[in-house]
Amino acid sequence: APQGGEQGYDIAITTSPIQEGVPEAGNWLDTRSSVTKYELHDVHPHFYPMLPETSTRYDATGTISRESPDTYKIPHSTRRFEEEQPEGWKRSTHPEGARYFFHPDKKVYTDANILDADVLSEIETAMTKIFGFCTDAGFMLPSSTNLVLDVELAESPDNDSIYKYYLVDHEYRSIFWLDDLAFDEEFFSICYEVKGVSSSSHIRHHIEQQYWYHCHLFPTSLTLTPDLVDELRDILMHWISDSFTSATSTAPYTVGELRDMLSLAKNFR
């Protein structure tokens, strides 16, 4: 597959509908009262919602043959040992070693290997379609919104690629979609254990859990502020106190582990 720096990176992307300074983050702002509500999947049937916890990052099974056909030669005077990035994109490395990409202008994250020109073309096509959908529908995304995309390339020219997505609102600590989504076992595995959901407040904590898992997958998407550090320390101190005072504490770690975490958190500022 073509590598970074070669041909194939000249795809135009529709202007993002993410609005800087939109005060009501977390809510859609419909600027066209006459627009009938419709879903992304209705307009682009090859788009499907996904969850952060269903990321395939840790399911990769690719292997490298021990019998390399050619010996790689380091070009003369090479000092920078990195592939050239596609225009507009930045590469990040997760502390656990995984590589992912971020488009700062469009606020898009992906695990897809966009150094492959075919993959890049599909990801940027998905960006264009989603942003175009929002613009056509009169939807303005809050400035705290991120878009996460993945793609399954078509196996033949007669088939279409499959796009998976979710959006992130950092102000509300939530993920959301451009489609209606049934809270059932087909999409949310927690539904095998949790029954009787009848309102959004019943699933608020689970949606926030998905938000934090997104931040785990893409840590550069979250700015660690002093307020967040204080909140973390408060939670750790509550768990320690709860472990001391309750025989049925729900703290997920031992007191010793919590103390170590609290000591570490004190150095985050």
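For what it's worth, the numbering used here labels the leading residue of the sequence shown as 75, then goes sequentially. Ideal Cβ positions, reconstructed from N, Cα and C, are used throughout, including at glycine. What you are looking at is a predicted structure, and each value in this text was computed from that prediction instead of being measured.
Run through DSSP, which three-state label would residue i get?
| i | result |
| --- | --- |
| His290 | helix |
| Met124 | coil |
| Asp243 | strand |
| Phe262 | coil |
| Thr328 | coil |
| Lys238 | strand |
| Glu198 | helix |
| Phe213 | strand |
| Asp224 | strand |
| Phe205 | helix |
| Ser337 | helix |
| Phe342 | coil |
Count the other CB atoms, across all protein chains shown, that sit within 10 Å of the CB of residue i; report buried if there are 16 or more and exposed otherwise.
| i | result |
| --- | --- |
| Glu198 | buried |
| Pro216 | buried |
| Trp286 | exposed |
| Lys238 | buried |
| Phe318 | exposed |
| Ser273 | exposed |
| Ala345 | Outside the shown range of the chain (75 to 343) lies residue 345, about which nothing can therefore be said. |
| Val222 | buried |
| Val182 | buried |
| Thr324 | exposed |
| His312 | exposed |
| Leu338 | exposed |
| Glu196 | buried |
| Tyr112 | exposed |
| Tyr132 | exposed |
| Ser151 | exposed |
| Arg278 | exposed |
| Thr167 | exposed |
| Ser129 | buried |
| Thr145 | exposed |
| Leu302 | exposed |
| Leu332 | buried |
What distance in whole Å lies between the Cβ atoms of residue j and residue i, which are believed to be in contact at a cut-off of 8 Å?
| i | j | result |
| --- | --- | --- |
| Met348 | Lys180 | Past the boundaries of the shown model lies residue 348; the chain is included only from 75 to 343, so the question cannot be answered. |
| Arg343 | Pro300 | 6 Å |
| Ile314 | Val329 | 6 Å |
| His120 | Asp234 | 5 Å |
| Val268 | Phe207 | Contact flag wrong, Cβ pair sits at about 31 Å. |
| Arg153 | Arg165 | Actually they are not in contact, since the Cβ atoms of Arg153 and Arg165 sit about 18 Å apart, beyond 8 Å. |
May I ask whether a heavy atom of the ligand ADP can be found less than 7 Å away from the beta carbon of residue i?
| i | result |
| --- | --- |
| Ser315 | Judged by which ligands are present, the structure shown has none, so any question about the ligand ADP falls away. |
Using 8 Å as the threshold, is the C-beta distance between residue i and residue j below it?
| i | j | result |
| --- | --- | --- |
| Ala186 | Val225 | yes |
| Pro126 | Leu291 | yes |
| Trp163 | Phe155 | no |
| Ile27 | Leu298 | There is simply no residue 27 to check, as the chain begins at 75 and stops at 343 in what is shown. |
| Ile391 | Gln284 | As shown, the chain starts at 75 and ends at 343. That puts residue 391 outside it, with no answer to give. |
| Asn220 | Ser295 | yes |
| Pro124 | Tyr240 | The residue asked about is misnamed: residue 124 is Met in this sequence, not Pro. Yes; because the gap between Cβ atoms is below 8 Å, this pair is in contact. |
| Ile138 | Pro160 | no |
| Ile264 | His280 | yes |
| Ser218 | Glu245 | yes |
| Arg307 | Glu282 | no |
| Asp253 | Leu227 | no |
Fully enclosed by the segment 129-196, which alpha helix (DSSP H) runs are 4 residues long or longer?
Runs found: none.
Length-filtered (4 minimum) alpha helix (DSSP H) runs lying within the segment 267-326
For secondary structure counted as the alpha helix (DSSP H) over 4 or more consecutive residues, the segment 267-326 holds these complete runs in sequence order: 278-291, 300-319.
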